[in-house]
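Asks:
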Amino acid sequence: MKKAKRTSIEVRGTAISIVSQENADYICLTDIARYKNPYHTDDLIRNWIRNRNTVEFLGMWEQLNNPDFLQG
Numbered sequence: 019m020k021k022a023k024r025t026s027i028e029v030r031g032t033a034i035s036i037v038s039q040e041n042a043d044y045i046c047l048t049d050i051a052r053y054k055n056p057y058h059t060d061d062l063i064r065n066w067i068r069n070r071n072t073v074e075f076l077g078m079w080e081q082l083n084n085p086d087f088l089q090g
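Going by our numbering, the sequence shown opens with residue 19, and the numbers climb by one from there.
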């Protein structure tokens with residue numbers, strides 16, 4: 019297994035970490051949330067992940083990209 023490549027991009031003055039590993043990129047949600055509220059990133063992510071639209075999006079993404087996804 020290759021070592022993960024770490025890079026960073028700047029969006030609206032905020033550094034966002036990206037980790038690339040085995041043809042996949044992982045973006046740091048905490049870094050994105052830090053733009054909105056640098057002191058309570060956990061609350062922002064918690065509320066985002068519980069949002070109905072987010073849950074529906076993640077379910078659809080899994081259906082399209084994960085052949086082993088078990089719905090229900």
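Where is the CB? At the ideal position from N, CA and C, for every residue including glycine.
#1: Can you list, in chain order, the residues of its chain with a C-beta nearer than 6 Å to that of Q39? Leave out the 5 residues immediately preceding and following it.
#2: Report the residue ranges of all beta strand (DSSP E) runs contained in full by the segment 22-53; include only those spanning at least 3 residues, in chain order.
#3: Among D43, N41, R52 and K20, whose alpha-carbon lies nearest the alpha-carbon of A33?
#4: Could you tell me whether the Cβ atoms of I50 and D43 are closer together than 9 Å?
#5: Figure out for me which residue from N69, R70, N71 and C46 has the closest Cα to the Cα of T59.
#6: The alpha helix (DSSP H) spanning D61 covers which residue range?
Replies: In short:
#1: Here the question's residue 39 lines up with position 21 in the sequence shown. Closer than 6 Å at the Cβ level, and outside the excluded window around Q39, lie A22.
#2: 23-29, 32-39 and 42-45
#3: Numbered from 1 along the sequence shown, position 15 holds the residue referred to as residue 33. The option with the nearest alpha carbon to A33 is R52.
#4: As a working mapping, residue 50 is identified with position 32 in the sequence shown. As a working mapping, residue 43 is identified with position 25 in the sequence shown. In this structure, D43 does not lie closer than 9 Å to I50 by Cβ.
#5: Within the sequence shown, numbered from 1, the residue matching residue 59 stands at position 41. When the alpha-carbon of T59 is set against those of N69, R70, N71 and C46, the nearest one is in C46.
#6: Within the sequence shown, numbered from 1, the residue matching residue 61 stands at position 43. Its alpha helix (DSSP H) spans residues T59 to R68.
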